[in-house]
Structure formats: structure tokens, C-alpha cells
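Please read the structure below before turning to the comments.
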Amino acid sequence: MWWKTLSVILIVYALLAGLLVPLKPGITYVQPATGKTGQDLTVQMHGYNSFYSRSPAAEVRVWLEFDSTHALAGQNLRILNDTTLEANFSLPRTLPEGRAFVMLNAFIDHPADGISLLPAAVEIRQDSSTSGSGEDARWSQNLVKELHVKSDFTFPYRNVIYESIRNTYFHVPMWFGLMFLFIASAWQSILFLRNVNTPDGPGRSKLDYDRKAAAYAEIGLLFGIMGLITGMLWAKYAWGAAWSNDIKQLMTAVALLIYLAYFILRRSFDEPEKGARLAAVYNIFAFATLIPLLYVVPRLFASLHPGATGNPAFGSQDLDNTMRMVFYPSIIGWSLLGFWIAQLRIRYQRLMDRATGLD
Amino acid sequence: MKFFKTRKLLIIILLQAIYLPALLAYGSSDFMRETGKINVVVGVILLIFLGIIVYLVRLERKLTKLEHQLKDEKNEWTN
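Chains as they are written, first to last, in this note's numbering: chain A, 133 to 491; chain C, 2 to 80.
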């Protein structure tokens, strides 16, 4: 079957590309992380996945940036090794907009590596001995410009999660697979209820709809459990705890329990057709609660998941074009694998029902 | 597969899936945080692999049972 081959090809592609494509260079931390106005500060920037010595120090530029119109350029830049560079900053006498303190972003422009950025890397406080009226002109003399934008095949660098951004190709497709399988399951339940009064023809039984609905829901549940467990592992090292009662964690757990009850309901009748009929009705209601539980409620509350509080699940910040080229094939591959396993389950149940004389 | 017939082995595999992070962290306290947390990705892939394998093993056991059942009724079941 062509779609089974496609599933294998796409999963192998997702595994290879998802693990082998490097991350963009980034800045892990900056030392010192604090300073006062009027100070001469020697700042050391520590890179991740960077190759600073590939370009001469004269061509590399660094900034401490406040916004697009306020930035300080580093002077006398030294490259210590591939992941460390050092520059001097003479901090102005006053802060932009007369603030008491500002958080500055560390910004590196490298001809070979491209751009790397660490938001809120250095905190500068207003020192009372240097306070004065008016803004220091040094803030606007050397703005961030003439950047070397690289367009090679790399995944974005994010602090705290680092390489585990690759989990996007394995943890998230579980939830997409669950969604497709539960849609298929609800559809089969609808078909069962629509055909509940049509007589069975030769080689055509309405119990087949029920078998399909149950198998799709079962594999969907398997994907959901794997999504939950892999999410807990990821959360342990990205959020600090495996279970932090995040709204999305709670709601998916509730949704999975609702689907668990579907199987209990389906098996608790001696008469298979009666059980199938009630389970089909329950399955449609379960699907109707799944949508708000997974996609509506988590957006109404603060969540640790990306894209919570009103945004679509993935913004441009979370998924760039390179990631999309792995993410979408991965979703298709894992979902097709789910349908493949479900098909085996359906074929088993068909034989079983025939052997036991149920159908 | 007679090897998988023991339910104990399945339970051990399941337990390993649950305690995988703890097992991996044993010996070196920062195993999962080393080298840009790449081992978290390895763990996630392993958990998915284990989940699918455990499901397939269970399905296979059900199939074996059905095969035995059909073998007993071979006279009725001719195909």
C-alpha cells in the first residue's frame, strides 16, 4: 500500500532531518549580567554552536541593544575561542527615556555565523552620580544595522530548550495523529448511527463501523498517552517539573480519561449491537468535548505551552520555515503510521468477531 | 513469540518507559542537560518507539490466541 510506504519514508526523513540538521548559533549567557551607567564594562559573550574564529575579529560586531533606536556598540572586540568573545562597552551617563534601569539584548553579527541574540542579557541601572537631564547621545550613535543574514538550513536557537526544540517533530505529531484518529473515529460512529436500521448485506456489516470507530479511538488514545508521557519528559527539562498542572496538561488528561470511558462503556454490554449503539453516541459527545478541551480552554488561561493565551498554537516565533519542512512531513508520517496500526487492529477484530460468531 | 508470553516482561518494559528519565540520569546528575539537552530528544523518541512496540506486542499476543482458537475449530473453519 502506497501510504504505508509514504509513512515509513516520512518518519525516516523526520528522524534523520530532525536529528542531523544543526541549530543556529546562539548566545547562552553574557558576563557580567549587570552594570551601572558611566561604567566601562568588559563583556564576555558565550556562544552556543558558534564558530567565532572563522572570521577575523575586525569583521565581527556586537551590540547591547535596548530597542531599534537605542543600542551600544562594543569596542575593541577580541575572539577568545569559537564560543567566547569579549568586547568593551563604555556605558552612557543616562538611560533611554529617563528610566531607572533597562534590560539590554546581547546582539552578535558574525560574517560566517550570522546573527545571534540573547534577549534581556544585561541589566543596566542608573547610577545617581551620573544622572543628568537629557538622553546620552551614545545610545543612538551605533545602531544595529548592516547585518549578515544567513539563510542556511538550520533550526532556530532558543534558550533553555536548546536542542530539545527537535521534540517538535516527535512530541507534537502525536497530538496531530490523535486528532486525525479521533476525527476518523467520530466519523465511523456517525456512519454507524446512520446505518443502524439498514439490514446487513452479504460481506457488509454495520458492526464494521463500530469496529473501525473503536480501533481509531484506541490508537488515538495510544498516541495521546505517548504524547502525554513524552511531554512530561520534555517538561521536566524545559519547565523544571514533569507535571506542573499546566492548563493544557490538565485538559488533555481529562480528554484522555473521557476517551478511556468510551472503551469501558463499549465493553459493558452483553449484546454487541446495543453496546455499539451507545458507544457510538458517547463517542460523538466525547469528540465534541475534545475540541474545547484541547483547543479552546487552554487558550483562555495562562499556559507554559507556546501560543497560549489567545495566540494560535504556533506563532512565527516558535516555528520557522526550516522547521516547517520537517514538522509537516513528520505529522503526516506519524499520523499514517497510526492509521496503519489501527488497520491491523480492525483486521484482527474482524477475524475475532467472525471466529466467535458475533458477526 | 514465546519470549513475550510472560506478562512480567511486558510490565518491566512499561516500567522502564516510565522510569526512563531516572534510569538515564543515574550515574551522571546532568546527563539530560548535557550537550544542549539532546538526550531529552533521544528519550522522547525512545518513549514513542517503546509505546508502539508494546502495543504491537500486545496485538500479536491477541492474534496468537485467536490462531490457537481457530486451530481448535479447524473442521468448521475451512478457507
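Backbone N, C-alpha and C define an ideal beta-carbon position, used for all residues, glycine too.
Alpha-carbon spacing of residue i relative to residue j, whole angstroms
i, j, result
"Ser467(A)", "Pro461(A)", "10 Å"
"Ser248(A)", "Ile322(A)", "52 Å"
"Met364(A)", "Arg298(A)", "15 Å"
"Pro164(A)", "Thr137(A)", "54 Å"
"Leu223(A)", "Asp172(A)", "6 Å"
"Leu382(A)", "Leu425(A)", "9 Å"
"Ala219(A)", "Leu250(A)", "16 Å"
"Pro444(A)", "His69(C)", "Annotation note: pLDDT 48 at Pro444(A) (below 50); position unreliable, coordinate value reported separately. Cα to Cα, the separation comes out at about 52 Å."
"Leu236(A)", "Gly170(A)", "15 Å"
"Tyr391(A)", "Gln320(A)", "15 Å"
"Val45(C)", "Leu147(A)", "12 Å"
"Lys338(A)", "Val328(A)", "7 Å"
"Ala373(A)", "Ala487(A)", "48 Å"
"Thr362(A)", "Gly333(A)", "45 Å"
"Asp73(C)", "Lys63(C)", "16 Å"
"Ile53(C)", "Gly206(A)", "53 Å"
"Ile351(A)", "Leu48(C)", "16 Å"
Cβ of residue i within 8 Å of any chain C Cβ
i, result
"Asn299(A)", "yes"
"Trp366(A)", "yes"
"Tyr161(A)", "no"
"Arg398(A)", "no"
"Ala487(A)", "yes"
"Ile141(A)", "no"
"Arg477(A)", "yes"
"Ser296(A)", "yes"
"Phe302(A)", "yes"
"Met358(A)", "yes"
"Pro444(A)", "The predicted model places Pro444(A) with a pLDDT of 48, which falls under 50 and marks its position as unreliable; any figure quoted below should be read in that light. With 8 Å as the cut-off, Pro444(A) does not count as an interface residue toward chain C."
"Leu468(A)", "no"
"Leu483(A)", "yes"
"Ala149(A)", "no"
CB of residue i within 8 Å of CB of residue j, strictly
i, j, result
"Phe239(A)", "Trp307(A)", "no"
"His303(A)", "Gly230(A)", "no"
"Asn38(C)", "Tyr161(A)", "Sequence inspection shows Lys at residue 38(C); the Asn mentioned does not correspond to that position. Contact flag unset, no."
"Tyr294(A)", "Gly150(A)", "no"
"Pro157(A)", "Asp245(A)", "yes"
"Phe355(A)", "Gly470(A)", "yes"
"Leu209(A)", "Ile464(A)", "no"
"Arg343(A)", "Ile478(A)", "yes"
"Ser317(A)", "Tyr348(A)", "yes"
"Ile159(A)", "Ala252(A)", "no"
"Thr201(A)", "Ser139(A)", "no"
"Asn40(C)", "Phe32(C)", "yes"
Chain-order list of residues whose beta-carbon lies under 6 Å from that of residue i (same chain, five-residue window excluded)
i, result
"Leu204(A)", "Leu196, Phe221"
"Leu275(A)", "Ala203"
"Leu325(A)", "Ala412"
"Lys168(A)", "Arg257, Asp259"
"Gly407(A)", "Arg398, Phe401"
DSSP beta-bridge partners of residue i
i, result
"Ser176(A)", "For the sequence presented, residue 176(A) should be read as Gln rather than Ser. The partner list for Gln176(A) (beta bridge, DSSP) reads Gln163(A), Glu218(A)."
"Asn248(A)", "Inspection of the sequence shows that residue 248(A) is occupied by Ser rather than by Asn. Bridge partners of Ser248(A): Ile240(A)."
"Gly493(A)", "There is no way to answer for residue 493(A), as the model of chain A reaches only from 133 to 491."
"His202(A)", "Asp199(A)"
"Met235(A)", "Glu255(A)"
C-beta neighbour in chain A for residue i, strict 8 Å
i, result
"Val58(C)", "no"
"Lys72(C)", "no"
"Ile46(C)", "yes"
"Lys63(C)", "yes"
"Ile49(C)", "yes"
"Ile39(C)", "yes"
Chain-order list of residues whose beta-carbon lies under 7 Å from that of residue i (same chain, five-residue window excluded)
i, result
"His242(A)", "Tyr184, Ser187, Val192, His280"
"Glu267(A)", "Thr226, Pro228"
"Leu422(A)", "Phe314, Ala387"
"Ser263(A)", "Thr226"
Close-in-space but distant-in-sequence residues of the same chain around residue i (CB under 8 Å, 5 per side omitted)
i, result
"Ser261(A)", "Gly170"
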